[in-house]
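Worksheet for the structure shown next.
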Amino acid sequence: MAFYRQVGEVPRTRHTQARDAQGRLYREELMGEEGFSSDSSLLYHRGVPSAIVASEVWELPDQSRTPNHPLRPRHLRLHELTTGTCAVRDRRVVLANADCRIGYVVTGTETSPLYRNAIGDECVFVEAGSGVVETVFGVVPYRAGDYVVVPRATTHRWVPAEPSRLYAIEVNSHLAPPKRYLSRYGQLLEHAPYCERDLTGPGEPLLEEGSDVEVLVKHRTSAGVVGTRLVYDTHPFDVVGWDGCLYPYTLNIEDYQPITGKVHQPPPVHQVFEAHNLVVCNFLPRKVDYHELAIPVPYYHSNVDSDEVMFYVAGDYEARKGSGIGLGSISLHPGGHAHGPQPAAIEASLGVEAFAETAVMVDTFAPLELGEGGRAVEDDAYAWSWAGRRLDG
1 MAFYRQVGEV PRTRHTQARD AQGRLYREEL MGEEGFSSDS SLLYHRGVPS AIVASEVWEL
61 PDQSRTPNHP LRPRHLRLHE LTTGTCAVRD RRVVLANADC RIGYVVTGTE TSPLYRNAIG
121 DECVFVEAGS GVVETVFGVV PYRAGDYVVV PRATTHRWVP AEPSRLYAIE VNSHLAPPKR
181 YLSRYGQLLE HAPYCERDLT GPGEPLLEEG SDVEVLVKHR TSAGVVGTRL VYDTHPFDVV
241 GWDGCLYPYT LNIEDYQPIT GKVHQPPPVH QVFEAHNLVV CNFLPRKVDY HELAIPVPYY
301 HSNVDSDEVM FYVAGDYEAR KGSGIGLGSI SLHPGGHAHG PQPAAIEASL GVEAFAETAV
361 MVDTFAPLEL GEGGRAVEDD AYAWSWAGRR LDG
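Residue 34 in UniProt numbering sits at position 34 of the sequence shown; the count goes up by one each step and never skips.
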């Protein structure tokens, strides 16, 4: 997000000496994307950000994946998924491919370990709950309906004020607003459904002290996604100030302004973010199509190039009535299968002026596989719900 912020103490000129009141030199760290060729921030540490004293294996939860074969649409009931209560350690993988992992966890109120995703950015949707995310940049508060966007390699921890339901979209790339919403200099344009005013960034520096501080790091090897436990000589939250255009932030769906039209609008008008080989959209309460012969629910469509994942968060999702899908459900509609509303939902939607639904959608351009969490809560009857019967029983 190319939107400049400054927090805490920074020197007048970058890459020059900055000292505390006792004359001790701060250590400057450049945190930047794409080498030195994209968004970045400069952070000023009291300690040495590279000083580790131990490196050990962190055994991640089950990362196994099962191909969607034989091909079928899937229904996963996330509210039936049992998880541990740590926002970091206890995420269960629901769906995944080479570009992303979609996970789910229901936290308690305990503070998570310090954590860093060195694979890519994280976009965590807060289905329910509230608290703060403490980061090397400062504190970011979160509440229900927030997207919490954490850039790759940001050291952070979750501090829930109450049990929280977190839907974690971990990408193996960087995540940003769609390019069509941005000026050539990076400002969100007038036709975008949200603007910089809607983003909440970090507050003042945390300035924690300590030694032998553990940080759990998720990273990649040739064998896939793995974890390492690094121990630092000084606390990573020793930053006295920072400035730049790279930092964590939140965007709440209440501040997103849905785009509507005379006839049914396609999913790209609901887009919030994009990353390599995927997009994130949300479907929110809104007035619907106003042509006198409009059909408000979606037309049937074939996902020629993508798998579509819909997470049903709140309200009454008109197109899925009669399918068994409810709040906390995920539908996976894979490429190669034409999908759309349940047959009875089409007639029922005629003349409706508004939808009171909330859903988060991820479209991926590579096939998704079922994670162990998804396999545990699958509704085996969903694939046959359009026809109302199954040929083999």
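Virtual Cβ for every residue (Gly too), placed ideally from N, Cα, C.
- Count the other CB atoms within 10 Å of the CB of Asp39; is the residue buried (16 or more) or exposed (fewer)? Taking the sequence shown and counting its residues from 1, the one referred to as residue 39 is at position 39. The residue is buried, with at least 16 neighbouring Cβ atoms inside 10 Å.
- Query: How about Arg157 and Glu122: are their beta carbons less than 7 Å apart?
  - Reply: What you label residue 157 is simply residue 157 of the sequence shown in a count that begins at 1. What you label residue 122 is simply residue 122 of the sequence shown in a count that begins at 1. No; because the gap between Cβ atoms is not below 7 Å, this pair is not in contact.
- Message: By the DSSP assignment, the alpha helix (DSSP H) with Glu372 in it spans what residues?
- Response: Position 372 of the sequence shown, counting from 1, holds the residue named residue 372. Segment 372-376, the alpha helix (DSSP H) holding Glu372.
- Kindly list the residues whose CB is nearer than 8 Å to the CB of Pro248, restricted to its own chain and excluding five residues on each side of it in sequence; keep chain order. To locate residue 248, count along the sequence shown from 1; it is residue 248. Val133, Thr135, Phe137, Val140, Val148, Val149, Val150, Pro151, Thr154, His156, Gly201, Pro202.
- Message: Could you tell me which whole beta strand (DSSP E) segments of length 3 or greater appear in the segment 101-152?
- Response: 115-117, 122-128, 131-135, 138-142, 146-150
- DSSP state of Asp363, grouped into three classes? As a first step, residue 363 is located in the sequence shown; it is residue number 363 there, counting from the start. Three-state result, Asp363: strand.
- Would Ser385 be called buried (16 or more neighbouring beta carbons within 10 Å of its own) or exposed? Here residue 385 corresponds to residue number 385 of the sequence shown, with the count starting at 1. That one is buried.
- Item | Heavy atom of the ligand MN within 6 Å of Tyr167 beta-carbon | As for the ligand MN, it is missing from this structure, which has no ligand bound.
- Item | Enclosing alpha helix (DSSP H) for Ser349 [first to last residue] | As a working mapping, residue 349 is identified with position 349 in the sequence shown. From DSSP, the alpha helix (DSSP H) with Ser349 extends over 343-349.
- Item | Supposed close pair Pro178, Glu33 - CB separation, criterion 8 Å | Locating residue 178 in the sequence shown gives position 178, counting from the first residue. Locating residue 33 in the sequence shown gives position 33, counting from the first residue. That belief does not hold up - the Cβ atoms of Pro178 and Glu33 are roughly 17 Å apart, past 8 Å.
- Item | Beta-carbon proximity check, Val231 vs Glu214, cutoff 7 Å | The count along the sequence shown starts at 1 and reaches residue 231 at position 231. The count along the sequence shown starts at 1 and reaches residue 214 at position 214. Cβ atoms of Val231 and Glu214: closer than 7 Å.
- Span separating the alpha-carbon of Ala54 from that of Asn117: Reading the sequence shown from its first residue, position 54 is the one you call residue 54. Reading the sequence shown from its first residue, position 117 is the one you call residue 117. Answer to the nearest angstrom: the Cα atoms are 18 Å apart.
- From Pro113, Arg143, Leu114, Leu81, pick the residue whose C-alpha is nearest to that of Val124; which is it? Taking the sequence shown and counting its residues from 1, one reaches residue 124 at position 124. The option with the nearest alpha carbon to Val124 is Arg143.
- Could you check the C-alpha separation between Asn282 and Glu208 for me, to the nearest Å? Position 282 of the sequence shown, counted from the start, is the residue given in the question as residue 282. Position 208 of the sequence shown, counted from the start, is the residue given in the question as residue 208. C-alpha separation (whole angstroms): 37 Å.
- Please list, in chain order, all residues of the same chain as Gln6 whose beta carbon is under 8 Å from its beta carbon, the five residues on each side excluded. As a working mapping, residue 6 is identified with position 6 in the sequence shown. Excluding residues up to 5 positions away in sequence, Gly241, Trp242, Asp243 lie with their Cβ nearer than 8 Å to the Cβ of Gln6 in the same chain.
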